[in-house]
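J.:
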Amino acid sequence: MCGIVGYLNLNSETLTPKHDHLPAMCNSIAHRGPDEEGMKLIGPCALGMTRLAIIDLATGQQPITNEDGTVWIVFNGEIYNYQELQERVLGLGHKLVTKSDTETIVHLYEEYGVECLQFLEGMFAFAIYDTKKERLFIARDRMGEKPLHWGVFDGTLLFSSEIKGILSHPKARRALDSLALQKYLALEYVPNPQSMFKDISKLPPAHFMIVEKGQVKIDRYWLPEIKSEEMSEDEAASEVVRLLKRSTELRLISEVPLGVFLSGGIDSSAIAALAAQFSKDPIKTFSIGFDDPSFDESIHALAVAKHIGSDHEVCTFSPELAFETLSELWNVLDEPLADASIVPTYFLSKMTRRHVTVALAGEGGDELFGGYPTYYAHKFTPMWSLMPDVVRNGMLMPALNSLPVSFNNLSLDFKVKRFISAASEPSVRRHLRWMGSIKLAEHEQLLTKEHRALAAGTMEESLFDSLPLVYRDGYRNGNGNSTGNGNGSGSNGHSAAGSIIGASGSASGNGHHSKGFNRNAINDVVNNIMRLDMTTYLPDDLLVKSDRASMAASLEVRLPYLAYPLVEFALKMPANLKVRGMTTKYLLKKAVAPYLPEYIMKRPKKGFGIPVGKWIRQEFRPVVDELLSESFIKSQGIFNWPYINNLLNEHMSQRVDRRKELWTILMFQWWWRKFFAG
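Given below as structure tokens:
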């Protein structure tokens, strides 16, 4: 595991030592690889890296070159099938001077060019400079586990694992992207390919970049099938277990100590149980607990640890530790992320790093196998929309909105009020609202005029622009927006998408509510939403959280659920094998049930959150008062004070739970002060 940086003169001018900015760039991301660093100027190109040694501890230094010094690479990540690939390149006549996965990629590139990506199974971001072709080749793994940012400034292309690496180059400029700001406020993260900096982009997952003759070309190299296939429960469960076992076993390859994050939920518990089967000695597992019982899952993690016989470590995460941890995190993050679970994830990573260098974790299970309550909530929207207005708006809405406010984890009032806030919206819009923070319709009151780049109702269109075309039309039509004509077909003639609109119970293109209930179409909605999450929420929220939190602690995290053979199979599974009634992850639970305590299968999902609603009013109040003060807001010129003041008054008086809105704005404020307040 490493951090990588580099730059290329687009005019092909050769770099000299006075143009060497690699030391500063590498130093900015030293936490990603504290063991060593390597730097190389190669004609117009500069490549640098910081290394966390996991495989080939003795000879895996980078940058690494081919036999004649014409192809150079810096690499971040792990290729889990590298031993098989080493045999391939040796059979093709290449010589290996190291045992590392990195050198193998160099020779695969020599043989296959950009097609070398098809051979790689793992998590990665790398940059190759080919001196013969004067070509820079940059690529990112299929799911987006490892980050890669880039930007062009004054004729120089800069790239880095983290934005701070780019900003450490003297040519880089800092400018806020107002469009990215609005996406962040609505979604709680900045979706690729944008970043919060106007001139810096993210290379999307499953994409590569070629830079030749001053031209930058970006293309996709992997796109899984999206068509569901009929299969029996037993066949699906058997294949899921086979693929998950294979993925877990591959991710246990390491020359350093290794453990597993264990929350007590299905995803991490299954990984821990399978990992234990492949280990001669008891595996090490790690979890944290909370004083607040509605957030605490440590007792369930302990039960799983006893069941599988692991060497288990647990630590209680107090509000005082949370504030200390958050303060450290703010020095690491390069753009705001309002997923509050990054705070305990970083704390868990630091605790784990005291014992091991590598940890397996359960990210991806929810998106692939239907783990979020929002997925089954979509099934209730037709009934909600078919209710007479006098019942829905005249009786139920007032009663539900009058439920007393609770700041507990996923409390009844939180879930109910979240549901009714968007239940009548088209499917994608309501899902983004349920999962996100500040709806676009409120941005006019929240943001000053110069920072409003999106109109209300256009968030989906902006998101779709970055989706693969094969996904895009189905989502637009299944979204119930202007591309649907209300008669079961959209402007491109996809009749199935029209049936989704009807089944969703949302307003169709002609402005009327559908009167039918199509169970198959509802399942299509659920599958489409899961695929949307896999393309946006997973790489740009969950995997950002996982990477930044773990690498800030110099810990490598590996994610067995994101092995691409398992992903491809999961995407072929019908939705009714994933979400059945109100049972989430139906098939995954059946597949892993033989390995876990029975009661773990029946536990409701909690999520890995923290009590931010309470902490904003109490332990975090000083920083809230500072960064959301009237004077700071007005001097900043981004937000309108009356809107912020109303949020604060409602939350502090406990009249309305505004934890998500306030936390989202607070994370932005801390980021803005760090990068723009002097």
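In terms of my numbering, the sequence shown opens at residue 122 and continues consecutively. Here a beta-carbon is modelled for each residue, glycine too, at the ideal position from N, C-alpha and C.
(1) Which ranges does the alpha helix (DSSP H) cover as unbroken runs of at least 4 residues, wholly within the region 749-792, from first to last along the chain?
(2) By how many angstroms is the C-alpha of residue 441 removed from the C-alpha of residue 536?
(3) Quickly, what does DSSP pair residue 379 with across the bridge? List them, please.
(4) How about residue 458 and residue 665: do their beta carbons lie closer than 7 Å?
(5) Let's see if you can read the secondary structure: which residues bound the beta strand (DSSP E) around residue 70?
(6) Mark residue 372 as exposed unless 16 or more other C-beta atoms lie within 10 angstroms of its C-beta, in which case mark it buried.
(7) Which residue from 706, 787, 157 puts its Cα closest to that of residue 765?
(8) Just mark residue 411 as buried or exposed, buried being the case when its beta carbon has 16 or more other beta carbons within 10 Å.
(9) Please go through the region 324-393 and give each complete beta strand (DSSP E) segment of 3 or more residues, from N-terminal end onward.
(10) With residue 171 as the anchor, note down where its beta strand (DSSP E) starts and where it stops.
(11) Cα separation between residue 173 and residue 772?
(12) Assess, as a yes-or-no matter, whether the region 356-369 is touched by the region 682-692 under the definition of 3 or more beta carbon pairs within less than 8 Å.
(13) Taking 7 Å as the cut-off, decide whether the C-beta atoms of residue 422 and residue 380 are in contact.
(14) Of the choices 435, 454, 749, whose alpha-carbon is the least far from that of residue 476?
(15) Measure the C-alpha to C-alpha separation of residue 164 and residue 333 and round it to an integer number of angstroms.
(16) For the beta strand (DSSP E) holding residue 691, just list the boundary residues, first then last.
(17) Would residue 356 be called buried (16 or more neighbouring beta carbons within 10 Å of its own) or exposed?
(18) DSSP has residue 155 in a bridge; who is on the other side?
(19) Tell me, to the nearest whole angstrom, how far the beta carbon of residue 303 is from that of residue 564; I am working on the premise that it is less than 8 Å.
(20) Taking the C-alpha atoms as reference points, what is the distance between residue 151 and residue 170?
(21) Leaving aside the five residues before and after residue 283 along the sequence, list all residues of the same chain whose C-beta is less than 6 Å from its C-beta, in chain order.
(22) Give me the residue from 698, 218, 761, 752 with the minimum Cα distance to residue 349.
(23) Looking at the unbroken alpha helix (DSSP H) that takes in residue 147, where does it start and where does it end?
(24) Nearest-angstrom Cα distance between residue 672 and residue 153?
(25) Tell me whether the region 210-223 and the region 249-263 touch, counting them as touching only if at least three CB pairs, one residue from each stretch, are closer than 8 Å.
(26) Can the beta-carbon of residue 468 be found closer than 7 Å to that of residue 446?
(27) Measure the C-alpha to C-alpha separation of residue 466 and residue 377 and round it to an integer number of angstroms.
(28) Could you give the residue range of the beta strand (DSSP E) that holds residue 244?
(29) By the three-class DSSP mapping on this structure, what secondary structure does residue 493 have?
(30) Quick one: what's residue 451 bridged to in DSSP?
(31) Go ahead and pull the three-state DSSP assignment for residue 279.
(32) In this structure, what does DSSP give as the bridge partners for residue 434?
(33) Taking DSSP as the reference, what is the three-state secondary structure of residue 309?
(34) Rounded to whole angstroms, what's the CA-CA distance from residue 460 to residue 133? Just pull it up for me.
(35) Are residue 194 and residue 185 close, meaning C-beta to C-beta below 7 Å?
(36) What is the residue span of the alpha helix (DSSP H) that residue 230 lies within?
T.: With the given structure in hand:
(1) 751-757, 762-773
(2) Taking the first residue of the sequence shown as 1, we reach residue 536 at position 415. Taking the first residue of the sequence shown as 1, we reach residue 441 at position 320. Their Cα atoms are separated by approximately 28 Å.
(3) Sequence index remark: in the sequence shown, residue 379 carries index 258 (1-based). Answer is 479.
(4) In the sequence shown, counting from the first residue as 1, residue 458 sits at position 337. In the sequence shown, counting from the first residue as 1, residue 665 sits at position 544. A contact, by the Cβ cut-off of 7 Å.
(5) Beyond the ends of the chain as shown, which are 122 and 799, falls residue 70; an answer cannot be given.
(6) Looking up residue 372 in the sequence shown gives position 251. With 16 or more Cβ atoms within 10 Å of its Cβ, residue 372 is classed as buried.
(7) Sequence index remark: in the sequence shown, residue 765 carries index 644 (1-based). Nearest option by C-alpha distance: 787.
(8) Here residue 411 refers to the residue found at position 290 when the sequence shown is read from its first residue. Residue 411 should be labelled buried.
(9) 328-333, 336-341, 379-382
(10) Position 50 of the sequence shown holds residue 171. Start and end: 166-172.
(11) Stepping through the sequence shown from its first residue, residue 173 is reached at position 52. Stepping through the sequence shown from its first residue, residue 772 is reached at position 651. If you take the alpha carbons of residue 173 and residue 772, they lie about 43 Å apart.
(12) yes
(13) Working through the sequence shown from its first residue, we reach residue 422 at position 301. Working through the sequence shown from its first residue, we reach residue 380 at position 259. Taking 7 Å as the Cβ cut-off, residue 422 and residue 380 do not qualify as a contacting pair.
(14) Sequence index remark: in the sequence shown, residue 476 carries index 355 (1-based). Comparing Cα positions, the closest option is 435.
(15) Stepping through the sequence shown from its first residue, residue 164 is reached at position 43. Stepping through the sequence shown from its first residue, residue 333 is reached at position 212. For residue 164 and residue 333, the distance between alpha carbons rounds to 14 Å.
(16) What you label residue 691 is simply residue 570 of the sequence shown in a count that begins at 1. Counting along the chain, residue 691 falls outside any beta strand (DSSP E), though it belongs to the alpha helix (DSSP H) covering 685-693.
(17) As a position in the sequence shown, residue 356 is number 235, starting the count at 1. With fewer than 16 other Cβ atoms within 10 Å, it is exposed.
(18) For the purposes of this step, residue 155 is taken as residue 34 along the sequence shown, with counting starting at 1. Answer by DSSP bridge pairing, in chain order: 172.
(19) Taking the first residue of the sequence shown as position 1, residue 303 is located at position 182. Taking the first residue of the sequence shown as position 1, residue 564 is located at position 443. Between residue 564 and residue 303 the Cβ distance is about 6 Å, and since that is below 8 Å, they are a contact.
(20) Mapped onto the sequence shown, residue 151 falls at position 30. Mapped onto the sequence shown, residue 170 falls at position 49. Computed Cα separation, rounded: 9 Å.
(21) Counting from 1 along the sequence shown, the entry for residue 283 is found at position 162. Cβ within range, chain order: 150, 455.
(22) The residue given as residue 349 occupies position 228 in the sequence shown. Ranking the options by Cα distance to residue 349, first place goes to 698.
(23) Position 26 of the sequence shown, counting from 1, holds the residue named residue 147. Residues 143-149.
(24) As a working note, residue 672 is residue 551 in the sequence shown. As a working note, residue 153 is residue 32 in the sequence shown. Their backbone Cα atoms lie some 5 Å apart in a straight line.
(25) no
(26) Position 347 of the sequence shown, counted from the start, is the residue given in the question as residue 468. Position 325 of the sequence shown, counted from the start, is the residue given in the question as residue 446. Cβ atoms of residue 468 and residue 446: closer than 7 Å.
(27) The count along the sequence shown starts at 1 and reaches residue 466 at position 345. The count along the sequence shown starts at 1 and reaches residue 377 at position 256. Distance between the alpha carbons of residue 466 and residue 377: 21 Å.
(28) Taking the first residue of the sequence shown as 1, we reach residue 244 at position 123. Element bounds for residue 244: 243-251.
(29) For this step, residue 493 is matched to residue 372 along the sequence shown. Correct three-state label for residue 493: coil.
(30) Here residue 451 refers to the residue found at position 330 of the sequence shown. Paired residue(s): none; residue 451 is not in a bridge.
(31) Here residue 279 refers to the residue found at position 158 when the sequence shown is read from its first residue. Reduced to three states, the DSSP call for residue 279 is strand.
(32) The sequence position of residue 434 within the sequence shown is 313, counting from 1. Per DSSP, 407.
(33) Reading the sequence shown from its first residue, position 188 is the one you call residue 309. Residue 309: coil per DSSP, three-state reduction.
(34) Here residue 460 refers to the residue found at position 339 when the sequence shown is read from its first residue. Here residue 133 refers to the residue found at position 12 when the sequence shown is read from its first residue. Roughly 42 Å between the two C-alpha positions.
(35) As a working note, residue 194 is residue 73 in the sequence shown. As a working note, residue 185 is residue 64 in the sequence shown. The answer is yes: Cβ separation under 7 Å.
(36) The residue given as residue 230 occupies position 109 in the sequence shown. 222-233 is the extent of the alpha helix (DSSP H) around residue 230.
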